[in-house]
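In terms of this note's numbering, the sequence shown opens at residue 78 and continues consecutively. Beta carbons are placed, not taken as given, at the ideal position from N, Cα and C, and that holds for glycine.
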Amino acid sequence: MGRYEQQRNFLKSNFLEFKHVKTDKIKGLPKPAIVKPYSSSSVMIDLPECNEDVVKKPNIYELIKQRRSTRFYAEDRLSLEELSYLLWATQGIAGTNKAGLTLRTVPCSGATHTFETYLFIMRVEGIAQGIYRYLPVEHKLLFMFDLEEMDQKVDAITLEQPFVPNFAKKAAVMFAWSTIPYRSEWKYDISAHKKILIDIGHVSQNLYLASESIDAGACAIGIYDQNLIDEVLGLDGDEEFVLFLGAVGKKRK
Ligand SMILES: Cc1cc2nc3c(=O)[nH]c(=O)nc-3n(C[C@H](O)[C@H](O)[C@H](O)COP(=O)(O)O)c2cc1C
Numbered sequence: 078m079g080r081y082e083q084q085r086n087f088l089k090s091n092f093l094e095f096k097h098v099k100t101d102k103i104k105g106l107p108k109p110a111i112v113k114p115y116s117s118s119s120v121m122i123d124l125p126e127c128n129e130d131v132v133k134k135p136n137i138y139e140l141i142k143q144r145r146s147t148r149f150y151a152e153d154r155l156s157l158e159e160l161s162y163l164l165w166a167t168q169g170i171a172g173t174n175k176a177g178l179t180l181r182t183v184p185c186s187g188a189t190h191t192f193e194t195y196l197f198i199m200r201v202e203g204i205a206q207g208i209y210r211y212l213p214v215e216h217k218l219l220f221m222f223d224l225e226e227m228d229q230k231v232d233a234i235t236l237e238q239p240f241v242p243n244f245a246k247k248a249a250v251m252f253a254w255s256t257i258p259y260r261s262e263w264k265y266d267i268s269a270h271k272k273i274l275i276d277i278g279h280v281s282q283n284l285y286l287a288s289e290s291i292d293a294g295a296c297a298i299g300i301y302d303q304n305l306i307d308e309v310l311g312l313d314g315d316e317e318f319v320l321f322l323g324a325v326g327k328k329r330k
């Protein structure tokens, strides 16, 4: 087999093969939970209700035109309203469909929404530095833990960046999206994995455009240390693992 063959085949549609698969859904196995559970004793932070007043640049044409990957950030903090907006724009819940699946601000194959959002919060008004998880149903943050030497850890996680070394630690917040693949595998089996990758691209693009609309800049980060970030976030690396990162900070004037 050629060096790329297996990976290229992964990019192709296997829908005709998939049609013959008896999925866990067809077998009647229980549907996976739509969001990750959490302990009732967790420390929660209320997010302000998402409000369009936070948007400084509402013109979608201009946003698409001006969007650039931003790797230099101002010292300014993001406000809690702005963070609330970015979370809503990337994973916010707009309703549920007949099958009880969440409909969100981003499209997703079969509304399976396999992602969880973790935040490395460095500079957000009113929130202590630390690691948090977004709870999209409640639109709240769950405080996970304070990460000692956060900037060094973020540096180590984001490896040797080819454009601007060590930029992620200077962001106000670094988003880390994990996937729980079984949410899609239950329904799509061998077709799930390509879909999950396409789905995350939609999430990242919303982070880019929403950031641009509040005079912040975002940069997607695909170069990262898989084992290290999974270990830092306490993910098992199999049933749940990080898939993509996005750094956001206020733009320099
Ligand atoms: C899948 C993906 C992975 C990326 N990974 C990184 C990364 O690890 N580091 C980085 O500095 N930029 C990363 N980027 C940003 C690209 O380098 C950037 O989009 C590209 O250079 C084009 O620039 P533009 O976004 O300003 O149009 C990534 C973008 C995508 C879509």
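Any residue whose CB is nearer than 6 Å to a heavy atom belonging to ligand 1, listed in chain order: 145, 146, 148, 238, 240, 296, 297, 298, 299 and 300
Near residue 330, what residues of its chain come up, given a Cβ to Cβ distance below 8 Å and the 5 sequence neighbours on each side ignored? 151
Can you give me the Cβ contacts of residue 149 inside the same chain, cut-off strictly under 6 Å, excluding the 5 residues immediately before and after it? 329
So does the region 262-270 actually touch the region 123-130, counting three or more Cβ pairs closer than 8 Å? no
Could you give the first and the last residue of the continuous beta strand (DSSP E) run that contains residue 256? Annotation for residue 256: the continuous beta strand (DSSP E) segment containing it runs 250-256.
Considering only the alpha carbon of each residue, which of 311, 321, 322 and 288 lies closest to residue 134? Of the candidates 311, 321, 322 and 288, the one whose C-alpha sits nearest the C-alpha of residue 134 is 288.
Below 8 Å, how does it come out for the region 211-228 and the region 315-322: are there three or more Cβ pairs, yes or no? The region 211-228 vs the region 315-322: no contact.
Are the CB atoms of residue 179 and residue 166 within a distance shorter than 9 Å? no
Assuming residue 327 is part of the beta strand (DSSP E), what are its boundary residues? 318-327
Please state whether DSSP places residue 94 in a helix, a strand or coil. DSSP, read as helix, strand or coil, puts residue 94 in helix.
In chain order, each beta strand (DSSP E) run of at least 3 residues that lies wholly inside the region 148-184: 170-173 and 179-181
Taking the C-alpha atoms as reference points, what is the distance between residue 181 and residue 171? About 5 Å.
If you count every other CB in all the chains shown that lies within 10 Å of the CB of residue 141, and 16 or more means buried, which is it? exposed
Residue from 325, 115, 90 and 327 with nearest C-alpha to residue 336: Not covered by the structure: residue 336. The range shown for the chain is 78 to 330.
Within the continuous beta strand (DSSP E) that includes residue 218, where are the two ends? 217-222
What are the start and end residues of each continuous alpha helix (DSSP H) run of 4 or more residues lying completely inside the region 85-146, in chain order? 92-95 and 137-143
In whole angstroms, what separates the C-alpha of residue 281 from that of residue 160? 15 Å
Rounded to whole angstroms, what is the Cα-Cα separation between residue 204 and residue 105? Spanning the two alpha carbons is a distance of roughly 43 Å.
So, with DSSP's three-state summary, where would you put residue 274? Assignment of residue 274 by DSSP, reduced to helix, strand and coil, places it in the helix class.
Would you kindly report the start and end of the unbroken alpha helix (DSSP H) that includes residue 262? From DSSP, the alpha helix (DSSP H) with residue 262 extends over 259-265.
Less than 8 Å between the CB atoms is what I'm expecting for residue 322 and residue 222, so what's the real figure, rounded? Taking a contact as a CB-CB distance under 8 Å, the pair residue 322 and residue 222 does not count as one, their CB atoms being some 18 Å apart.
Can you tell me which of the three DSSP states residue 312 falls into? coil
Using only the alpha-carbon positions, how far apart do residue 307 and residue 256 sit? Going by the C-alpha atoms only, they are around 11 Å apart.
Can you tell me which of the three DSSP states residue 285 falls into? helix
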